[in-house]
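The structure appears below as structure tokens.
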Amino acid sequence: MKLSIDGKPHDSSGANVNEISVLELCRSNGVAVPALCFDSRVAPGGHCRACIVEVDGEVRAACTTLARDGMRVVTQSPQLHEYRRDLLALIESEASLSDGARDALRTSLLGESTDTTEPAAPRYPKLESSPAVEPATRADSSHAYLRIDLDACIKCRLCIRACGEIQGEFVFAMRGRGATSSVTWGGGDLADTDCVGCGACASVCPTSAISDVDRGRAPPGFGADERVVATTCAYCGVGCGLEVHASQGRVRYIDGAAGEPNDGHLCLKGRYAHEFVSSPDRLTTPLRRVNGRLVPITWEEAFALIAAEFARLEGGIAALSSSRCTNEENYLVQKWFRGGLHTHDVDCCARVCHAPSAAALRQGLGTGAATSSFADIERADLFLVAGSNTTESHPVVGARVKQAVLRGAQLIVIDPRRTELAALADVWLRPNPGTNVALLSSLAFVIVSENLIDAEFIAARTEGFSGFREGLRGCSPEETQHVTGVPAIQVRRAARLYAAATAPLQLHGLGMTEHFQGSEGVMCLVNLALLRGAVGRFGAGVNPLRGQNNVQGAADMGCQPDRLTGYARVDDAEVRARFERIWGRPLCGRIGRTIPQMYEAIDRGEIRGMYILGEDVAQTDPDASTVRARLTKLEFLVVQEIFLSETAKLAHLVLPGASFLEKEGTFTNAERRIRRVRKVLDPPGDARADWRILLDLMAATGFPQPFSSVEEVWDEVRAVAPAFAAATYDALRSSGLQWPVTSEAPEGTPILHRSTFARGRAEFQCVEYQPSPNEVSAIFPLVLVTGRVLEHYNSGSMTRRTRNSRIVERDLLDIHPRDAAARNVEDGASVVVASRFGEARVQARITEDVAPGVVFLSFHYPESGTNLVTSDVVDRITDCPEYKRTAVEVRRVS
Ligand SMILES: Nc1nc2c(c(=O)[nH]1)N[C@H]1C(S)=C(S)[C@@H](COP(=O)(O)OP(=O)(O)OC[C@H]3O[C@@H](n4cnc5c(=O)[nH]c(N)nc54)[C@H](O)[C@@H]3O)O[C@H]1N2
Ligand SMILES: Nc1nc2c(c(=O)[nH]1)N[C@H]1C(S)=C(S)[C@@H](COP(=O)(O)OP(=O)(O)OC[C@H]3O[C@@H](n4cnc5c(=O)[nH]c(N)nc54)[C@H](O)[C@@H]3O)O[C@H]1N2
Ligand code: SF4
Ligand code: SF4
Ligand SMILES: [Mo]
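Read left to right, the sequence shown gives residues 445 to 1338 (the numbering used here).
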């Protein structure tokens, strides 16, 4: 396409050249065109009229005019300048702008911040706000993070489009016409709308009519030394890119970074929940237990104590590493324990989370990680979302899925609860908790028996199909519906939809894994994809939505008892020899213990000391009273934390680490994307970056390391694990890369298994449904499902110390009206949730989001005691706890 811009010829080629607007074309060629209501992530609106240019002599809005061959575009002319000045005057007559907003507008429209030729009197009389709009709805300060002041609104509608087209929440609309029109959010408080606090509206508003509290609050001069640091969110496994604006040693506000995986978008945790960093509760000095109390000691005393105790307890020490910490820190933890302390007793929270996914994917496909990328969300024509509350747990991915569905992609949701995606689904299958294997087998049954399989793919790339087909006998939807509770007709419909899709993308969560048959459930998902050849190609695949910011990385680095860095097998002598060479230490060949096995070993006196990095097991592991009893039995417990967690309260020695905003390193997200983490602030008091502490601990216990920076640690990771070989810090500097990153794939690997599976052929797995041992009874007739809510994060140690706790103040028990009525429980009543293992005390919320017979409770507040109730039942293959199914009774507290 050839055209001219301001008299200069431009020759454009490229895939989207036929769809590009004049505005984007100009900007991509370095020609500045002002625009107030343009954002590349939403459809152009043409509302603000600031991007007026001349096209072939006619005045047009550049954002809504498509570039065409032969066009003559003029962006600067006396006429256009005059037009823009006039527009500015009109805006000023309608909106009350702050000085800053006016200067910014003037600069973007006229390229100058002051107008020396401005007439003394305004060109247009000031327009008073319309009497048709009640004053109450012009301003809003009900939300913890957002402020609205419509006096500054220029009616560009960008907030409406951002909320609808990025987040998919549709909070805002326009009401009225012409000069009396205004943005509305339904007449009440913003806090009472569907707003999820993502901040997209505030981030795009050109005049701060909608603004972040954080930005508005900055005292004068606060921005003088402002720095912008590009880093990665440390909450969930989406791993959003952040741009942290900091000055005077404080975080001022956070924006989303461009590029994958979030393209500027964030959720309210990533954008706003950073106040915990400066909480007075932060640990600032090492603490030692003396006469039952934790008292401050120096770092030197702490290292000497550990050296002495670990020498005394040698052979009986285990480690839990932290999925909240960096790859480099996780690498050091397992290197320390394996190489320095001669044990493979190293595990991490992958155990209680997606270990079943990793096991099932490894067994079926050869690699235990997500097969696809988040970018496949835009390529898929159908989503199968199983046991994932995506919009609350992985909100930015959830928003991408919602947008794809709003554009026409189909959606099947498998979840016992009516989640936001379930409510939007084409087919929502609502199984009894714990019956995934029966349900997914019946989906496979329909696809096979109705001959909807991809026979060519099965023949060319898989094995074990005939045995698998045999094993489906007795799995028809009609036969399984009494177990699953899902009507056969719905199962048939879902199976046909899945089979008819050209690019079916699976996303799954803990509703699949945290079960007695967790691994086997995920195997069923893999089988389903194999039946349709829906793996190893763009838009399709099997994807565990791994939870923690760096749980993928913690496992990749080797914080699992059976696998060294890069999933190298501990029980393979050749593999060990490679590590022994690089580490200069002999390694034992005995596989270590999983978390539940460690607890049992404490009981037997085999484990007497533990080092726990950033994991609050006393609150988050199941059957918490037993966990506490066992931790209390330890002779020496070291906890390295940023807060005095429930676990740290039990420790003999507490070490103050640094949060993600206070250190360097890398995190690996749920699509295997390794991203850089960069330091913004200094840690408080005597707290230190966790990797520095680990290097000192290794030295103190006789295994000194040659590293002086995290980059050097990472370079050793690249040397020991081939999948990261080419992922240098420099190569990762912008949006990161998805492993494997090798000399053959220097740009990373967005899709696994494209031409061959890591194990050669993929293998169908025969799985038979087994009911959970945690059956309901006359005493415990309800099934408790536990899980998360959007506003809080796991133990809540961070989010509870932010204004998120103003939005959600406590854990609530969701209970169906029928079950509530039978127990005389009203909405908001205090209740006890009791199981064979213990009791939780919470408030009830009556809702039909849960089915009769099922109750749901989150675990973000320690005082609720959610995990006092959960059981000791674990996944048969990986020991992952069954958090998703506990037989309970609910009693009203009178
Ligand atoms: N806001 C927020 N986000 C988080 C976290 C957080 O604490 N808060 N934690 C992070 C972590 S560590 C993780 S692992 C992820 C977890 O993210 P998710 O996997 O989305 O988390 P959950 O809410 O635990 O459970 C998901 C869903 O499983 C459903 N479910 C329960 N039983 C069954 C069943 O038998 N079958 C099926 N098909 N579904 C079932 C539940 O109803 C629930 O909706 O989230 C991460 N993101
Ligand atoms: N009932 C129930 N229980 C569950 C689950 C469930 O669905 N239901 N889900 C389980 C799952 S999937 C998971 S992953 C676990 C998560 O359980 P945990 O890993 O125990 O929970 P988190 O709150 O994520 O964080 C652990 C600790 O890390 C600390 N921390 C954060 N950043 C850093 C850092 O940079 N350095 C250091 N040293 N410490 C840091 C925090 O203060 C926090 O105390 O919970 C499990 N528990
Ligand atoms: S914060 Fe997000 S959800 Fe709330 S109104 Fe703004 S864009 Fe919509
Ligand atoms: S979606 Fe996850 S990674 Fe992104 S901002 Fe929210 S919590 Fe952070
Ligand atoms: Mo997790």
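Backbone N, C-alpha and C define an ideal beta-carbon position, used for all residues, glycine too.
Note that this is a predicted model, so its numbers are computed, not measured.
{"Item": "Secondary structure of K446, DSSP reduced to three states", "Value": "strand"}
{"Item": "Cut-off 7 Å between Cβ atoms - residues of its own chain near K779, not counting five sequence neighbours on either side", "Value": "W1027"}
{"Item": "Whether V1294 touches R874 by CB criterion (7 Å)", "Value": "no"}
{"Item": "Whole-angstrom distance between P1225 and I891, CA atom to CA atom", "Value": "35 Å"}
{"Item": "Span of the alpha helix (DSSP H) around K888", "Value": "At residue 888 the sequence reads Ala, which differs from the Lys that was named. Counting along the chain, the alpha helix (DSSP H) containing A888 begins and ends at N880 to S893."}
{"Item": "Proximity winner among C639, A1171, D1016 and S542, relative to S586 (alpha-carbon distances)", "Value": "C639"}
{"Item": "Distance between beta carbons of A882 and A1213, contact taken as under 8 Å", "Value": "For the sequence presented, residue 1213 should be read as Tyr rather than Ala. The Cβ separation is near 4 Å, so the contact holds."}
{"Item": "C680, DSSP secondary structure in three states", "Value": "strand"}
{"Item": "Neighbour-count burial assignment, F614, 16 or more Cβ in a 10 Å radius", "Value": "exposed"}
{"Item": "Contact test: V840 Cβ vs ligand 4 heavy atom, cutoff 6 Å", "Value": "yes"}
{"Item": "Candidates A644, A545, R1020 and L469: closest to G1002 by CA position", "Value": "R1020"}
{"Item": "Under the three-state DSSP convention, the category Y1340 falls into", "Value": "Residue 1340 lies beyond the residue range present for the chain, which begins at 445 and ends at 1338; the question has no answer from this structure."}
{"Item": "DSSP state of A1350 mapped onto helix, strand, coil", "Value": "Missing from the structure shown is residue 1350; the chain here goes from 445 to 1338 and no further."}
{"Item": "P1225 (DSSP reduced to helix, strand or coil)", "Value": "coil"}
{"Item": "3-residue-minimum beta strand (DSSP E) runs that sit fully inside the region 1040-1066, ordered along the chain", "Value": "1053-1057"}
{"Item": "Bridge-paired residues (DSSP) for M618", "Value": "V627"}
{"Item": "Terminal residues of the beta strand (DSSP E) in which Y1347 lies", "Value": "Residue numbering for the chain in the displayed model covers 445 to 1338; residue 1347 lies beyond these limits and cannot be assessed."}
{"Item": "Pair within 7 Å by beta-carbon distance, E836 and L1228", "Value": "no"}
{"Item": "The region 1186-1201 in contact with the region 958-975 per 3-pair CB rule at 8 Å", "Value": "no"}
{"Item": "Contact set for Y568: own chain, Cβ-Cβ below 7 Å, skip 5 residues either direction", "Value": "A533, L534 and S537"}
{"Item": "Which residues DSSP lists as bridging P740, in chain order", "Value": "L731"}
{"Item": "Three-pair Cβ contact test at 8 Å for the region 1141-1154 versus the region 803-813", "Value": "no"}
{"Item": "Unbroken stretches of the alpha helix (DSSP H), 4 residues or longer, contained in the region 1226-1253", "Value": "1248-1251"}
{"Item": "Other residues of its chain near G631: CB distance less than 8 Å, five sequence neighbours each side excluded", "Value": "T581"}
{"Item": "S1199, buried or exposed, once every other Cβ within 10 Å from all chains shown has been counted against 16", "Value": "exposed"}
{"Item": "Assigned secondary structure, V841 (DSSP; H/G/I helix, E/B strand, else coil)", "Value": "helix"}
{"Item": "Alpha carbon of A1045 to alpha carbon of V1164, nearest angstrom", "Value": "31 Å"}
{"Item": "Assigned secondary structure, N987 (DSSP; H/G/I helix, E/B strand, else coil)", "Value": "strand"}
{"Item": "Cut-off 6 Å between Cβ atoms - residues of its own chain near R733, not counting five sequence neighbours on either side", "Value": "H1096"}
{"Item": "Residue from R1280, L776, R715 and T1246 whose Cα sits closest to the Cα of R726", "Value": "T1246"}
{"Item": "Chain-order list of residues whose beta-carbon lies under 6 Å from that of G451 (same chain, five-residue window excluded)", "Value": "none"}
{"Item": "Separation of L1099 from R1136, as counted between CA atoms", "Value": "12 Å"}
{"Item": "Any non-hydrogen atom of ligand 5 within 6 Å of C792 CB", "Value": "no"}
{"Item": "Limits of the unbroken beta strand (DSSP E) element including Y716", "Value": "Careful: Y716 lies outside any beta strand (DSSP E), inside the alpha helix (DSSP H) at L712 to Y716."}
{"Item": "Member of A830, V986, R844 and L634 whose CA lies at the smallest distance from the CA of D859", "Value": "A830"}
{"Item": "Identity of the residue in D898, T957, Q961 and Q925 nearest Y942 by Cα", "Value": "D898"}
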